[in-house]
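Taking this note's numbering, the leading residue of the sequence shown gets 367, the next gets one more, and so forth.
Okay, structure first, notes after.
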Amino acid sequence: MTATQKTNLRIAAAHAFMIFFLILILIPFVMVISASFRQGNFAPSRLLPDKVSLDHWKFVLGIPYQEVVNPATGQTRVVKAEIPPLWWFWNSIKISLMSSAGIIFLSGTSAYAFARLRFKFRSPTLSALLILQMFPMVLSLVAFYVILDFTGQYVKWLGLNTQTGLIMIYLGGISNYIWMIKGYFETIPPSMEESARIDGASQFQTFVRILLPISLPIFAVVFILSFISYMSEYPVASVV
Numbered sequence: 367m368t369a370t371q372k373t374n375l376r377i378a379a380a381h382a383f384m385i386f387f388l389i390l391i392l393i394p395f396v397m398v399i400s401a402s403f404r405q406g407n408f409a410p411s412r413l414l415p416d417k418v419s420l421d422h423w424k425f426v427l428g429i430p431y432q433e434v435v436n437p438a439t440g441q442t443r444v445v446k447a448e449i450p451p452l453w454w455f456w457n458s459i460k461i462s463l464m465s466s467a468g469i470i471f472l473s474g475t476s477a478y479a480f481a482r483l484r485f486k487f488r489s490p491t492l493s494a495l496l497i498l499q500m501f502p503m504v505l506s507l508v509a510f511y512v513i514l515d516f517t518g519q520y521v522k523w524l525g526l527n528t529q530t531g532l533i534m535i536y537l538g539g540i541s542n543y544i545w546m547i548k549g550y551f552e553t554i555p556p557s558m559e560e561s562a563r564i565d566g567a568s569q570f571q572t573f574v575r576i577l578l579p580i581s582l583p584i585f586a587v588v589f590i591l592s593f594i595s596y597m598s599e600y601p602v603a604s605v606v
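Given below as structure tokens:
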């Protein structure tokens with residue numbers, strides 16, 4: 367077997383593996399889409415539904431539809447969601463976007479301070495952040511509940527069952543992102559900022575006009591990771 371044949375064989379094997387892997391991923395997705403077009407709430411016995419129905423989609427969108435109660439008599443009833451699930455989905459997106467934007471601002475400014483400034487208790491604070499990120503947020507559920515219950519007595523929009531209170535809880539999980547952005551900042555040569563300061567730029571200007579544009583990739587990564595984690599987070603949101 368020649369070298370070209372070996373290369374073609376490896377490429378074909380890699381393509382076959384990727385196709386198999388994609389099929390494993392797509393089958394559950396196709397089953398979910400298929401289930402959304404069937405009638406009833408039972409698991410389908412086949413991949414394609416026997417009869418296509420838009421009842422589930424109408425329920426999600428808050429559109430009233432007729433549901434057959436008794437097939438023998440043809441009795442029907444009007445079904446409409448009191449709160450459309452699409453509204454729940456929008457709330458999740460809104461809270462995740464606002465929390466991720468806050469994470470970007472807080473973790474970015476904090477990481478700059480740890481990466482470029484020298485101040486008292488800098489190393490112990492970094493170590494404390496490293497230790498804090500070892501514990502999941504679920505362990506603090508009782509503390510979150512007590513804090514929001516107390517603050518809600520004086521500031522209503524920061525109490526329980528408020529979106530602002532939930533966002534504030536989410537903003538507390540910035541320790542991991544501070545370490546990520548700090549590590550990226552430390553890969554950027556400080557000489558670039560020093561040159562800007564020689565030309566008369568302030569520390570704020572060097573941060574905004576030099577460091578931030580270069581650091582857009584890590585900010586994008588942090589935003590995506592935080593958005594995904596908050597979209598899929600359930601325990602804290604269900605309690606708070």
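All residues carry an ideal CB built from backbone N, CA and C; glycine is no exception.
Can you find the residues in the same chain that come closer than 7 Å, C-beta to C-beta, to L537, ignoring five residues on each side of it along the sequence?
By 1-based counting over the sequence shown, the position of residue 537 is 171. Result list for L537: S465, G468, I469, L472, in chain order.
Let me know the secondary structure DSSP gives Y431 once reduced to three states.
As a working mapping, residue 431 is identified with position 65 in the sequence shown. Reduced to three states, the DSSP call for Y431 is strand.
Which first and last residues belong to the alpha helix (DSSP H) in which T373 is found?
The count along the sequence shown starts at 1 and reaches residue 373 at position 7. Where T373 is concerned, the enclosing alpha helix (DSSP H) stretches over 369-402.
Please identify the residue among R488, W423, Q441 whose C-alpha is closest to the C-alpha of P451.
For this step, residue 451 is matched to residue 85 along the sequence shown. Cα-wise, what sits closest to P451 is W423.
In or out: G531 buried (at least 16 other Cβ within 10 Å) or exposed?
If you number the sequence shown from 1, residue 531 lands on position 165. Classification of G531: buried, given that the 10 Å Cβ count is 16 or more.
Selected residue, minimal CA-CA separation from D421, among A447, F383, T439
On the sequence shown, residue 421 is found 55 positions in, with the first residue counted as 1. The shortest Cα separation from D421 among A447, F383, T439 belongs to A447.
Rounded straight-line distance, which links the Cα of L483 to that of I554:
The count along the sequence shown starts at 1 and reaches residue 554 at position 188. The count along the sequence shown starts at 1 and reaches residue 483 at position 117. Roughly 14 Å separates the two Cα atoms.
Given a cut-off of 7 Å on the beta-carbon distance, is the pair L629 and V605 in contact?
Because the chain here runs from 367 to 606, residue 629 falls outside it and cannot be looked at.
Helix or strand or just coil, what does DSSP make of R563?
Counting from 1 along the sequence shown, the entry for residue 563 is found at position 197. If DSSP states are grouped into helix, strand and coil, R563 belongs with the helices.
Close Cβ partners of F585 (< 7 Å) along its chain, the five nearest in sequence each way excluded
Here the question's residue 585 lines up with position 219 in the sequence shown. These residues qualify, in order along the chain: I470, G474.
Which of the three DSSP states, helix, strand or coil, is assigned to Q441?
Translated into positions along the sequence shown, residue 441 becomes position 75. Three-state DSSP puts Q441 in a strand.
Nearest to L413 (by Cα), restricted to the options V398, F425, V426, L427
What you label residue 413 is simply residue 47 of the sequence shown in a count that begins at 1. With distances taken between Cα atoms, L413 lies closest to V398.
Quick check for students: name the residue ranges of the beta strand (DSSP E) that lie wholly in the segment 534-605, counting only runs of 3 or more.
none
Terminal residues of the alpha helix (DSSP H) in which I449 lies:
Position 83 of the sequence shown, counting from 1, holds the residue named residue 449. Unbroken run through I449: none, as it is neither H nor E.
Does the segment 544-561 come close enough to the segment 480-499 that 3 or more CB-CB pairs lie under 8 Å?
yes
From the DSSP output, in three-state form, read off Y520 for me.
Against the sequence shown, residue 520 aligns to sequence position 154. Of the three classes helix, strand and coil, the one that applies to Y520 here is coil, per DSSP.
Does the distance from the C-beta atom of M503 to that of G539 stay below 7 Å?
Residue numbering aside, residue 503 sits at position 137 when the sequence shown is read from its first letter. Residue numbering aside, residue 539 sits at position 173 when the sequence shown is read from its first letter. A contact, by the Cβ cut-off of 7 Å.
Three-state secondary structure (DSSP) at S419?
Here residue 419 is taken as the residue at index 53 of the sequence shown, counted from 1. If DSSP states are grouped into helix, strand and coil, S419 belongs with coil.
Assigned exposure category for I533 - 16 Cβ within 10 Å defines buried:
For the purposes of this step, residue 533 is taken as the residue at position 167 of the sequence shown. The residue is buried, with at least 16 neighbouring Cβ atoms inside 10 Å.
How long is the line joining the alpha carbons of K417 and F403, rounded to whole angstroms?
Position 51 of the sequence shown, counting from 1, holds the residue named residue 417. Position 37 of the sequence shown, counting from 1, holds the residue named residue 403. Taking the straight line joining both Cα atoms gives about 8 Å.
CB of I449 within 7 Å of CB of Q529, strictly:
Walking along the sequence shown from the start, residue 449 turns up at place 83. Walking along the sequence shown from the start, residue 529 turns up at place 163. Cβ distance not < 7 Å, so I449 and Q529 don't count as in contact.
From the DSSP output, in three-state form, read off M500 for me.
To locate residue 500, count along the sequence shown from 1; it is residue 134. Here M500 sits in coil by DSSP.
Applying the 10 Å Cβ sphere with the 16-neighbour rule, what's the burial state of Y600?
Position 234 of the sequence shown, counting from 1, holds the residue named residue 600. Y600 should be labelled exposed.
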